[in-house]
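*Asks:*
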Amino acid sequence: MTEEVQDVLLFNTQIAVALRGVRTALAWTQQDLATRAKVSKPTIARIESLDISPRGDTIHALLSAFRQEGVEIDMLADEVIVRFTKPALLHAQGNLST
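In the working numbering, the protein residues as written are 1232 to 1329.
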């Protein structure tokens, strides 16, 4: 496997982990995220299962949906940084305690 292919797989994994993790923390279904980002539910499912490499506009739409909820996601070369605003944390806290 070439380094370029490994980099693409790593990036796709970063996206999948970030999407699923934040979506779960917010208690959103795949359909909830799809509706908010204006993409199809099968697209969310295929991204999260690493079946597809998402397009740039799709990534932008997904990250924008989270940003509107108060969650910022930065995908760097070797790490993913997720920041929740206080309201987003309180939302997640409510989901954890139920």
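Every residue gets a Cβ at the ideal spot worked out from N, C-alpha and C, and that includes glycine. Remember, predicted model here, so these are calculated numbers, not experimental data.
What number of angstroms, rounded off, separates the C-alpha of R1298 from the C-alpha of S1280?
*Replies:* As a working mapping, residue 1298 is identified with position 67 in the sequence shown. As a working mapping, residue 1280 is identified with position 49 in the sequence shown. Each residue's Cα considered, the two are about 22 angstroms apart.
*Asks:* If you draw a straight line from the alpha carbon of A1268 to that of A1296, how long is it in whole angstroms?
*Replies:* Taking the sequence shown and counting its residues from 1, one reaches residue 1268 at position 37. Taking the sequence shown and counting its residues from 1, one reaches residue 1296 at position 65. If I take the Cα positions, the gap works out to 5 angstroms.
*Asks:* State the Cα-Cα distance for the pair E1310 and A1247, rounded to the nearest angstrom.
*Replies:* Reading the sequence shown from its first residue, position 79 is the one you call residue 1310. Reading the sequence shown from its first residue, position 16 is the one you call residue 1247. Their Cα atoms are separated by approximately 13 angstroms.
*Asks:* Give me the Cα-Cα distance between D1238 and P1285, rounded to the nearest whole angstrom.
*Replies:* As a first step, residue 1238 is located in the sequence shown; it is residue number 7 there, counting from the start. As a first step, residue 1285 is located in the sequence shown; it is residue number 54 there, counting from the start. Distance between the alpha carbons of D1238 and P1285: 14 angstroms.
*Asks:* Just how far apart, CA to CA, sit E1300 and A1319?
*Replies:* By one-based count along the sequence shown, residue 1300 stands at place 69. By one-based count along the sequence shown, residue 1319 stands at place 88. Rounded to the nearest angstrom, the two C-alpha atoms are 6 angstroms apart.
*Asks:* Report buried or exposed for R1314, applying the criterion of at least 16 other Cβ atoms within 10 angstroms of its Cβ.
*Replies:* Position 83 of the sequence shown, counted from the first residue, corresponds to residue 1314. Burial call: exposed.
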